[in-house]
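Please read the structure below before turning to the comments.
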């Protein structure tokens with residue numbers, strides 16, 4: 005995905021998480037708003053991480069990509085802490101992921117249009133098993 009596609013996806017998810025008539029959610033730090041900010045920061049961090057690994061990028065672009073990756077990675081961690089949604093860096097998320105409540109840990113590959121309710125852990129056993137689950141078309 006290129007940056008414009010990522011931004012379109014983030015805007016699509018914003019309309020899903022923060023409807024237009026609820027602008028006060030930003031200032032009230034409602035949970036749905038915080039979850040959307042966590043997801044959008046994760047998506048941008050993943051994009052810039054891929055730019056760092058891209059061999060076609062020059063040294064100046066890699067430097068900028070490293071700065072932006074660190075910024076969005078930090079933003080993701082801050083919003084994860086506030087919203088209660090943790091997303092591992094190696095995870096891949098499909099379009100229109102809908103997380104309704106906090107207490108969610110994602111360490112796997114999720115497909116398009118997944119809906120996750122609170123207090124779920126999606127990941128491996130953690131005892132040396134490195135395989136991650138794949139849900140949907142992830």
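Residue numbers (the numbering used here): 5 to 142.
Built from N, CA and C at the ideal position, the CB exists for glycine as well.
| Item | Value |
| --- | --- |
| Rounded to the nearest angstrom, what separates residue 119 and residue 140 at their Cα positions? | 11 Å |
| Just to confirm the assignment, what range does the alpha helix (DSSP H) spanning residue 124 have? | First-last for residue 124: 124-126, but that is the beta strand (DSSP E), not the alpha helix (DSSP H). |
| What first and last residue would you give for the alpha helix (DSSP H) that runs through residue 89? | Run containing residue 89: none in the alpha helix (DSSP H); it sits in the beta strand (DSSP E), 89-91. |
| Thinking C-beta only, is residue 98 closer than 7 Å to residue 122? | no |
| Taking the DSSP output, what are the residues bridged to residue 103? | 120 |
| If contacts are defined as beta-carbon pairs under 8 Å, then residue 87 and residue 47 qualify, I think. What distance do you get, rounded to the angstrom? | Not confirmed; about 15 Å, so no contact. |
| Under 8 Å Cβ to Cβ from residue 24, same chain only, skipping five residues before and after it: list those, please. | none |
| Report the partner residues of residue 114 according to the DSSP bridge assignment. | 97 and 139 |
| Give the DSSP-derived three-state secondary structure of residue 108 in the structure shown. | strand |
| Under 8 Å, with one C-beta from each stretch per pair, do the stretch 67-80 and the stretch 6-21 reach the 3-pair mark? | no |
| Out of curiosity, what's the CA-to-CA distance linking residue 135 and residue 95? | 12 Å |
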